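Asks:
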Amino acid sequence: MYYEIRRYQVRAGRREEWVCYMEDVVIPFQASLGMDVTASFVDAQDEDGYVWIRRFEDEAQSEALYAAVYQHDRWKNEIGPVVHGLLIPEKSVVTRVIPTPASPLR
């Protein structure tokens with residue numbers, strides 16, 4: 001099992017709009033397709049920073065969920081374009097982490 005920590009840079013002054021879109025549209029959509037979104041944060045030190053975390057059982061599940069979400073017509077035609085309009089995609093950072101043996105997230 002592993003987690004994916006995704007750090008995004010939102011376009012200047014649009015973080016509140018982004019958080020609303022994430023909470024009202026993106027997270028519910030992804031969860032409806034089986035994605036395990038475990039956390040959502042705003043960066044306390046960067047007024048345009050946002051972080052969220054997703055959990056995967058293994059690589060096979062990750063690949064299946066990525067396909068289900070990002071190949072879905074709703075993502076391609078509706079959600080994805082809004083996401084790309086609110087974020088600065090080239091500043092996104094995705095880190096894959098594995099909990100240590102004593103981690104409560106294991």
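Taking UniProt numbering, the leading residue of the sequence shown gets 1, the next gets one more, and so forth. Beta carbons: idealized from backbone N, C-alpha and C, even for Gly. Just so we're clear, the structure is a prediction, and the values are computed from it rather than from any experiment.
1) Name the two residues that bound the continuous alpha helix (DSSP H) containing Glu59.
2) Helix, strand or coil for Ile53 per DSSP?
3) Check whether the segment 11-23 and the segment 64-76 touch, using three or more Cβ-Cβ pairs below 8 Å as the test.
4) Report the three-state DSSP secondary structure of residue 107 (helix, strand or coil).
5) Helix, strand or coil: which one does DSSP assign to Gln30?
Replies: On the basis of the supplied data:
1) 59-70 is the span of the alpha helix (DSSP H), which, as asked, contains Glu59.
2) Under the three-state reduction of DSSP output, Ile53 falls in the strand class.
3) Touching, no, given that fewer than three Cβ pairs across the two stretches are closer than 8 Å.
4) Because the chain in this structure spans residues 1 to 106, residue 107 falls outside the shown range and cannot be described.
5) The three-state reading of DSSP puts Gln30 in helix, counting H, G and I together.
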